[in-house]
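Written below as structure tokens is the structure these notes are about.
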Amino acid sequence: MVLAGSLAASTRVVLELFLVSPSVNQSVRYGRRTANLTNKSGDPDTVARQLLTGVCAHSILHSTSWRWERNGTLVLTYLAYSEDSHCTDAEPQEISMSALLPPQSTNPEKPRPAEIREQDVLAHGLRHLTFLMRYSPDDRIRKAVSPAGLQFFQALCGQLAGRYDTAKEFADCTSTLGIK
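Going by the numbering used here, the letters in the sequence shown line up with residues 944 to 1123, in that order.
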């Protein structure tokens, strides 16, 4: 079945990788790398791993989302979490955890926010990993990080789109961080 609006042959496909490490003072250090996947038939997981080669050791590599941008580009997003102290050169940016709130879209005719910023994509990936850290019955993801890493994820607010059962937890978490 082919749906209207399917990927056209000219659609640009990009993989973006956020490399993330905990920082001090309730903040996150991160860097962003990209690879053009247009006209390539390889596995995006392999490309994401290649973007990490020689940068620093990662604990977790996870595909977090995809989005269509107004210029027609399809973006596949990955997040790599690392506790490697050598990552600081690859992670030139820092953002406060309180700035990682989800963008709001309550218009039922427009299912996504009017603007999706880099920090929104990063926050989405972090909330996704936080959710998996807390609720996944498979404990390999928790075993991949140190006790300090677990504390980092406990300090983040985790909620997935459509998971209304965690909405109260998210509200409680944001109020704990002093976010309104």
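Every residue, glycine too, gets a C-beta built ideally from N, C-alpha and C.
The structure displayed is predicted, hence computed values, not measured ones.
(message) Going by DSSP in three states, I1038 sits in which element: helix, strand or coil?
(response) Walking along the sequence shown from the start, residue 1038 turns up at place 95. I1038: strand per DSSP, three-state reduction.
(request) Just the C-alpha distance for F1095 and S984, rounded to the nearest angstrom, thanks. (result) Numbered from 1 along the sequence shown, position 152 holds the residue referred to as residue 1095. Numbered from 1 along the sequence shown, position 41 holds the residue referred to as residue 984. Spanning the two alpha carbons is a distance of roughly 36 Å.
(request) With DSSP collapsed to three states, give me the class of R1055. (result) Walking along the sequence shown from the start, residue 1055 turns up at place 112. If DSSP states are grouped into helix, strand and coil, R1055 belongs with coil.
(request) Indicate the three-state DSSP secondary structure (helix, strand or coil) for P1080 in the structure shown. (result) Taking the first residue of the sequence shown as 1, we reach residue 1080 at position 137. Coil, per DSSP.
(message) Per the DSSP calculation, T1020 is bridged to which residue(s)?
(response) What you label residue 1020 is simply residue 77 of the sequence shown in a count that begins at 1. DSSP output for T1020 lists E959 and S1008 as bridge partner(s).
(request) Counting only the same chain and skipping the five closest in sequence on each side, list residues whose C-beta sits under 6 Å from that of R972. (result) Locating residue 972 in the sequence shown gives position 29, where the first residue counts as 1. S964, S966, E1034 and E1037, listed in sequence order.
(message) I need the DSSP call for A978, collapsed to helix, strand or coil.
(response) In the sequence shown, the residue the question calls residue 978 occupies position 35. Here A978 sits in strand by DSSP.
(request) Take V956 and list the residues in its own chain whose beta-carbon comes closer than 6 Å to its own, dropping the five residues that flank it on each side. (result) Within the sequence shown, the letter at position 13 stands for residue 956. Counting only Cβ-Cβ distances below 6 Å, and skipping sequence neighbours, we find L980, T981 and L1017.
(request) Report yes if the C-beta distance between L1075 and I1084 is below 8 Å; otherwise report no. (result) Position 132 of the sequence shown, counted from the first residue, corresponds to residue 1075. Position 141 of the sequence shown, counted from the first residue, corresponds to residue 1084. Against a cut-off of 8 Å, the Cβ pair of I1084 and L1075 comes out as a contact.
(request) Can you give me the start and stop residues for the alpha helix (DSSP H) that R992 sits inside? (result) Reading the sequence shown from its first residue, position 49 is the one you call residue 992. Residues P987 to L995.
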